[in-house]
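Input: a single structure, listed below in structure tokens.
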Amino acid sequence: MKMIDLTQLITASMPVYPGTEPPHLTVASTYETDGFRETLLSFFSHTGTHMDAPFHLFGERTKLNEMPAAQFVGKALVIPCMQYGAGEEIGMEALAPVRQLADEADFLLFHTGWSRYWGKAEYFGDYPVPSQEVCRYALESGKKGLGFDTIGIDPIADEGLTRHRLLLSQRDIVIIENLTNLDKIGEGLFLFAALPLKYENADGAPVRAVAMLEEE
0 MKMIDLTQLI TASMPVYPGT EPPHLTVAST YETDGFRETL LSFFSHTGTH
50 MDAPFHLFGE RTKLNEMPAA QFVGKALVIP CMQYGAGEEI GMEALAPVRQ
100 LADEADFLLF HTGWSRYWGK AEYFGDYPVP SQEVCRYALE SGKKGLGFDT
150 IGIDPIADEG LTRHRLLLSQ RDIVIIENLT NLDKIGEGLF LFAALPLKYE
200 NADGAPVRAV AMLEEE
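Numbering that gives the first Met the number 0 numbers the first residue of the sequence shown as 0 and each following residue consecutively.
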């Protein structure tokens, strides 16, 4: 089985959502003083490649730590979206060529190519976003989650987080943001896992996202 890591590295200088404090990775114990190394990690729950829970926006909805582990693993399909430019909506036409496979998938991962701007100003600009019709399709077809290689699924200017609210208000679905390496997967269904940190009252969490492909 071939494993492809879809996770951005957490560093002190990494891109974070505008207004969010960057991570702090402080060496708390050293080989010289303590005989071992230990790092104090301090970062927001929506740092790097991460997952949003319904509890992120709705206090009465489900927390990540309340979801079964099966929520985070399943069949996935990459949706090619490189044809969409800055600020454009990804509509159902993007799914049309692969609709049968999309219907079978538990996760849809949208490859916009925006991860090429990781660490650059363009990453926080106008990136492609899914249409509300695509979000409703995900809900109606019982998807476990949607994933994106962008910093969000709503435009930076949308302070109301319209698409987040549409998805997270209705059922237990997760949103995965800041994915990378989606170009390395290819066509067809594959096994996908994005396992979040399990902590109390989890509104979101960094994940280690991986694609597991059958060797040819």
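Glycine included, C-beta positions come from ideal geometry on N, C-alpha and C.
Member of the options whose CA lies at the smallest distance from the CA of residue i
| i | options | result |
| --- | --- | --- |
| residue 133 | 106, 42, 14 | 106 |
| residue 220 | 174, 56, 139 | Because residue 220 is not part of the residues shown, which for the chain are 0 to 215, the question remains open. |
| residue 99 | 13, 209, 186 | 186 |
| residue 104 | 74, 2, 43, 199 | 74 |
| residue 111 | 118, 93, 101 | 93 |
| residue 124 | 144, 85, 108 | 85 |
| residue 19 | 36, 44, 87, 0 | 44 |
| residue 60 | 16, 24, 168, 162 | 168 |
| residue 30 | 142, 21, 38 | 38 |
| residue 116 | 126, 109, 108 | 126 |
| residue 171 | 102, 68, 101 | 68 |
| residue 202 | 21, 8, 52, 10 | 52 |
| residue 142 | 150, 119, 108 | 108 |
| residue 10 | 17, 0, 22, 3 | 22 |
| residue 118 | 42, 150, 97, 3 | 150 |
| residue 89 | 128, 145, 48 | 128 |
| residue 193 | 16, 206, 199, 200 | 206 |
| residue 16 | 2, 3, 48 | 48 |
8 Å Cβ cutoff met for residue i and residue j
| i | j | result |
| --- | --- | --- |
| residue 222 | residue 50 | In the structure as shown, the chain begins at 0 and stops at 215. Residue 222 is therefore absent and cannot be evaluated. |
| residue 114 | residue 157 | no |
| residue 137 | residue 166 | yes |
| residue 178 | residue 208 | yes |
| residue 131 | residue 162 | yes |
| residue 188 | residue 56 | no |
| residue 152 | residue 176 | yes |
| residue 212 | residue 0 | yes |
Euclidean distance between Cα positions of residue i and residue j
| i | j | result |
| --- | --- | --- |
| residue 190 | residue 180 | 15 Å |
| residue 14 | residue 210 | 23 Å |
| residue 154 | residue 35 | 44 Å |
| residue 70 | residue 83 | 29 Å |
| residue 5 | residue 184 | 10 Å |
| residue 32 | residue 24 | 18 Å |
| residue 139 | residue 102 | 10 Å |
| residue 27 | residue 42 | 15 Å |
| residue 79 | residue 198 | 34 Å |
| residue 87 | residue 3 | 28 Å |
| residue 54 | residue 144 | 15 Å |
Backbone secondary structure at residue i - three-state DSSP
| i | result |
| --- | --- |
| residue 133 | helix |
| residue 163 | helix |
| residue 207 | strand |
| residue 196 | coil |
| residue 37 | strand |
| residue 94 | coil |
| residue 188 | coil |
| residue 147 | strand |
| residue 139 | helix |
| residue 158 | coil |
| residue 213 | coil |
| residue 43 | coil |
Inset, instruction - Can you check the region 1-34 for any beta strand (DSSP E) of at least 3 residues that lies completely inside it and give the ranges in chain order? - result: For the region 1-34, whole beta strand (DSSP E) runs of length 3 or above, ordered along the chain, are 1-4, 23-28.
Legend entry - Runs of beta strand (DSSP E) lying entirely within the region 47-89, each at least 3 residues, in chain order: For the region 47-89, whole beta strand (DSSP E) runs of length 3 or above, ordered along the chain, are 49-51, 72-79.
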